[in-house]
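Take a look at the structure below.
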Amino acid sequence: MEKKILLKDLANCHQENKKVIGGKVNGKVLSLHDIVDDISEVELITSESDERHVFLNHTCSFVLAQAVKRLYKGAILGSSSYEDSGFYYEFQLPHSIREEELPMIEQEMQKLMNEQQELEQLELPYENAEAVLSKQGETLKLELIYEQRERNLIPISKYGEFIDLCSGPHLPSLKFINAFKLNAVSGSYWKGDKENIVMQRISGIAFSSKKELALHLKELEELKKRDHRKIGKEMELFMFSEEAPGMPFFLPNGQLMRNELQNFLREVQEEAGYREVQTPLMMNEKLWRQSGHWDHYHENMYFSDVDEAKFALKPMNCPGHMMIYKNQLYSYRDLPVRLAEFGQVHRHEYSGALNGLLRVRTFCQDDAHLFVRPDQIEDEIKSVLLQIDKVYRTFGFDYSVELSTRPLNSMGSDKLWEKAEQSLKQVLEDLSLPYQLNAGDGAFYGPKIDFHIKDAMKRSHQCATVQLDFQMPDKFNLSYIDEKSEKQRPVVIHRAISGSLDRFLGILMEHFAGSFPLWLAPVQAAIVPVAEVHLDSAEKLKNQLEKCGLRVCIDRSSEKLNYKIRKAQKSRVPYMVVIGDQEIEKNDVNVRVHGGKSSEAMDVERFKNMLLEKIAKRELG
Numbered sequence: 147m148e149k150k151i152l153l154k155d156l157a158n159c160h161q162e163n164k165k166v167i168g169g170k171v172n173g174k175v176l177s178l179h180d181i182v183d184d185i186s187e188v189e190l191i192t193s194e195s196d197e198r199h200v201f202l203n204h205t206c207s208f209v210l211a212q213a214v215k216r217l218y219k220g221a222i223l224g225s226s227s228y229e230d231s232g233f234y235y236e237f238q239l240p241h242s243i244r245e246e247e248l249p250m251i252e253q254e255m256q257k258l259m260n261e262q263q264e265l266e267q268l269e270l271p272y273e274n275a276e277a278v279l280s281k282q283g284e285t286l287k288l289e290l291i292y293e294q295r296e297r298n299l300i301p302i303s304k305y306g307e308f309i310d311l312c313s314g315p316h317l318p319s320l321k322f323i324n325a326f327k328l329n330a331v332s333g334s335y336w337k338g339d340k341e342n343i344v345m346q347r348i349s350g351i352a353f354s355s356k357k358e359l360a361l362h363l364k365e366l367e368e369l370k371k372r373d374h375r376k377i378g379k380e381m382e383l384f385m386f387s388e389e390a391p392g393m394p395f396f397l398p399n400g401q402l403m404r405n406e407l408q409n410f411l412r413e414v415q416e417e418a419g420y421r422e423v424q425t426p427l428m429m430n431e432k433l434w435r436q437s438g439h440w441d442h443y444h445e446n447m448y449f450s451d452v453d454e455a456k457f458a459l460k461p462m463n464c465p466g467h468m469m470i471y472k473n474q475l476y477s478y479r480d481l482p483v484r485l486a487e488f489g490q491v492h493r494h495e496y497s498g499a500l501n502g503l504l505r506v507r508t509f510c511q512d513d514a515h516l517f518v519r520p521d522q523i524e525d526e527i528k529s530v531l532l533q534i535d536k537v538y539r540t541f542g543f544d545y546s547v548e549l550s551t552r553p554l555n556s557m558g559s560d561k562l563w564e565k566a567e568q569s570l571k572q573v574l575e576d577l578s579l580p581y582q583l584n585a586g587d588g589a590f591y592g593p594k595i596d597f598h599i600k601d602a603m604k605r606s607h608q609c610a611t612v613q614l615d616f617q618m619p620d621k622f623n624l625s626y627i628d629e630k631s632e633k634q635r636p637v638v639i640h641r642a643i644s645g646s647l648d649r650f651l652g653i654l655m656e657h658f659a660g661s662f663p664l665w666l667a668p669v670q671a672a673i674v675p676v677a678e679v680h681l682d683s684a685e686k687l688k689n690q691l692e693k694c695g696l697r698v699c700i701d702r703s704s705e706k707l708n709y710k711i712r713k714a715q716k717s718r719v720p721y722m723v724v725i726g727d728q729e730i731e732k733n734d735v736n737v738r739v740h741g742g743k744s745s746e747a748m749d750v751e752r753f754k755n756m757l758l759e760k761i762a763k764r765e766l767g
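In terms of the numbering used here, the numbers along the sequence shown are unbroken and rise by one, the last being 767.
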């Protein structure tokens, strides 16, 4: 039986009512001041629930905004955002806030916390809400409520003298926030539009205990150690230059890793019957208009005039593969046709968004397009999902799966979209793969399955994607001849496993903290001669190992042995080999695994075969 009741009144009946901070109805998170229509659907959230972080971060963003308004005369409120991992608030300010000012803002926030202000939640008619925000001088908030003017009531939140446009969810009291930290200040555009004014974004995170904050700060220190930009410099993997902003230069060590990763991916797709191709970096603008990419991506593309025609550097490989398929006539017996490419693509990113290898302006996609008959769709997608699983298991990644359905700015009929979405659902169910539904986030040409890997720091990265496309074959008039000698449209499956080789390498650098599996490491063994008289033997050993394809270096310095051992340990090389009089006499090597505290003597042949076996199996350890 339905009954309207204030969530706060329902919480008062709970045995741990002092810990209740909100609730959830059909997945929607609510504050205690919200009214619930059906109490049978309510799930109460306490200060110990996992969902508490949303309340903590959202409420703390309000305290941040109030503190900034108190400290900086003329501050105008912009947009805010909150999630489990933190919050931010954007401001229009007369001067730029420096990182050094964050502790001062934190102090003001703590004062507000100590005041223990209670939340007042209002719903006002548009004219009243407009009057309240006008009195506060919140011009940007007025812009936002104008977009909501068709609503009967506008939600307004009030903490003391502080007023904001928001409906929650909020904590019932600030006493639940026992620790918080502001961690960054950066620039942004109002509403994310580069044509709008520049805002200042302050980010932070809130906790229910000081212990949680201490763990968070410890994690941040670990993240600094794992920063792939730091590791890349220390291990001489890649670099950037002002002459090509956002475009990585891979140094010899980094290129070795890139080649190993590419060879592994190539091996996986060759086993699955893919044929590798290569398409031009630059093609005529007409092709991008034909494919539909122009309407969705042209603002992020790079152009050049050639022979009085406009050409574009490719932002993706799809149209080139459509052209290759169209180059010959296929029978239904020839399908599926699986075309793969390690294609370099270019996409413009704002300079403020660039982030080492994780966000660049040019990168290599491990891209593939499968041209299939409708009856082959599910089997081919299953094969792709198994390839993805194999790659991620090789690196020790756990992953989650997301099914994204039709977006607003899509192409094609409802019937085709329904068919495509049903095919993807069926494959996931057949493989017993749990997935989350991400409604409205598909590609403009079809639904997709996205894979999110979880790294050693429990951070999620979206990498692999599988997209089903009934639109592109129509746009390029693709066909095959069926058993009745009639032309039919193939269906296209878009597939990427790493997504971007460059970004995937950056993720691996942070996941392994630079201590890579043996097969991927740029240098696999470091030979440390005890003294200069042992250099010749070290050189012979190096040559012997390199003939087997192993990557080896020698410390030829005249430093003392202990110093050279410490240096080799810091270099993150998987194996260190010490060679001196005793080793030469016995034709042995003294081997220590990176991170190990003891060493083991073994003959050279055994050591060599051990490494080759581990590499062949692509072992993690």
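Using N, Cα and C, we set each Cβ at its ideal position, and we do this for glycine too.
> Rounded to the nearest angstrom, how far is the Cβ of Arg-697 from that of Pro-668, given a contact under 8 Å?
Replying inline: With 8 Å as the limit, Arg-697 and Pro-668 qualify as a contact, their Cβ atoms being about 7 Å apart.
> Considering Asn-584, what are the terminal residues of the alpha helix (DSSP H) in which it resides?
Replying inline: It is not in any alpha helix (DSSP H) - Asn-584 instead sits in the beta strand (DSSP E) that spans 582-584.
>> Using a Cβ distance threshold of 8 Å, determine whether the segment 351-360 contacts the segment 320-331, with at least three qualifying pairs required.
In response: yes
> If Gly-168 and Pro-271 are in contact, beta carbons under 8 Å, what's the gap, nearest whole angstrom?
Replying inline: Rounded, the Cβ-Cβ distance is 26 Å, inconsistent with contact.
>> Determine whether the beta carbon atoms of Gln-263 and Leu-320 lie at a separation below 8 Å.
In response: yes
> Taking the C-alpha atoms as reference points, what is the distance between Arg-764 and Met-429?
Replying inline: The alpha-carbon atoms of Arg-764 and Met-429 are separated by roughly 38 Å.
> From what residue to what residue does the beta strand (DSSP E) around Cys-312 run?
Replying inline: Per DSSP, Cys-312 belongs to no beta strand (DSSP E) and is neither H nor E.
> When DSSP builds the beta bridges, which residues end up paired with Gly-350?
Replying inline: Phe-233 and Leu-328
> Does at least one heavy atom of the ligand SAM sit under 7 Å from the Cβ of Ala-390?
Replying inline: In the structure shown, the ligand SAM is absent, as is every other ligand, since no ligand is present at all.
>> Please state whether the Cβ-Cβ distance between Leu-411 and Val-209 is less than 8 Å.
In response: no
>> For the segment 499-517 against the segment 640-648, do three or more pairs of beta-carbon atoms, one drawn from each stretch, fall closer than 8 Å, so that the two count as touching?
In response: The segment 499-517 vs the segment 640-648: in contact.
>> Does Leu-396 come out as helix, strand or coil in the three-state DSSP assignment?
In response: According to the sequence as given, residue 396 is Phe; it is not Leu. Residue state, collapsed to three classes: strand.
>> Between which residues of its own chain and Ser-450 is the CB-CB distance below 6 Å, once the five residues before and five after are set aside?
In response: Once the five neighbours on either side are set aside, the close Cβ partners of Ser-450 are Phe-457.
> What are the boundary residues of the beta strand (DSSP E) that includes Leu-485?
Replying inline: 483-492
>> Does His-515 pass the burial test, meaning 16 or more other C-beta atoms within 10 Å, or should it be called exposed?
In response: buried
> Among all the DSSP beta bridges, which residues are the ones paired with Leu-549?
Replying inline: Leu-583 and Ile-595
> Can you list, in chain order, the residues of its chain whose CB lies under 6 Å from that of Pro-240, leaving out five sequence neighbours each side?
Replying inline: Gly-220
> In chain order, which alpha helix (DSSP H) runs of at least 4 residues are fully inside the segment 255-294?
Replying inline: 272-282 and 285-292
>> Taking 6 Å as the limit between beta carbons, can you name the residues of its chain near Gly-400, skipping five residues before and five after?
In response: Leu-383 and Phe-384
>> Let me check one thing: in DSSP terms, what residues is Tyr-496 bridge-paired to?
In response: Partner(s): none; Tyr-496 has no beta bridge.
>> Considering only the alpha carbon of each residue, which of Cys-510, Ser-437 and Lys-686 lies closest to Phe-395?
In response: Cys-510
>> If distances are taken between C-alpha atoms only, which option among Asp-180, Glu-358, Gly-338 and Glu-252 comes closest to Glu-194?
In response: Glu-358
>> Is the separation between the beta-carbon of Val-713 and that of Asp-701 shorter than 8 Å?
In response: Reading off the sequence shown, one finds Lys at residue 713, where the question assumed Val. The answer is yes: Cβ separation under 8 Å.
> Is the beta carbon of Ala-486 sitting closer than 8 Å to the one on Tyr-581?
Replying inline: no
> Taking contact to mean at least 3 C-beta pairs separated by less than 8 Å, is the segment 369-379 in contact with the segment 470-477?
Replying inline: no
> If you count every other CB in all the chains shown that lies within 10 Å of the CB of Thr-508, and 16 or more means buried, which is it?
Replying inline: buried
>> Pull the bridge partners of Pro-675 from the DSSP assignment, please.
In response: Beta-bridge pairing links Pro-675 to Ile-725.
>> Let's test the definition: count the other Cβ atoms within 10 Å of the Cβ of Cys-694 and tell me whether it reaches 16, buried, or not, exposed.
In response: exposed
> When burial is assigned at 16 or more other CB atoms within 10 Å of the CB, is Gly-767 buried or exposed?
Replying inline: exposed
> Beta-carbon separation of Val-723 and Val-737 under 8 Å?
Replying inline: yes
> Which whole-angstrom value is the C-beta distance of Ala-325 and Lys-364, which I expect to be below 8 Å?
Replying inline: Incorrect: roughly 13 Å between the Cβ atoms, too far for contact.
>> Let me make sure I understand the geometry here. Which of Asn-274, Pro-636, Glu-751 and Phe-650 has the alpha-carbon closest to that of Met-403?
In response: Comparing Cα-Cα distances from Met-403 to each of Asn-274, Pro-636, Glu-751 and Phe-650, the minimum goes to Phe-650.
> What is the DSSP secondary structure of Arg-372, reduced to helix, strand or coil?
Replying inline: helix
>> Quick check on Met-447: does DSSP put it in helix, strand or coil?
In response: In this structure, Met-447 counts as coil in the three-state DSSP scheme.
> Are Gln-253 and Ala-418 closer than 8 Å when you measure CB to CB?
Replying inline: The answer is no: Cβ separation not under 8 Å.
>> Assuming Arg-512 and Ala-642 are in contact, meaning their beta carbons sit under 8 Å apart, how far apart are those beta carbons, in whole angstroms?
In response: It should be pointed out that residue 512 corresponds to Asp in this sequence rather than to Arg. About 6 Å separates the two Cβ atoms, so the contact holds.
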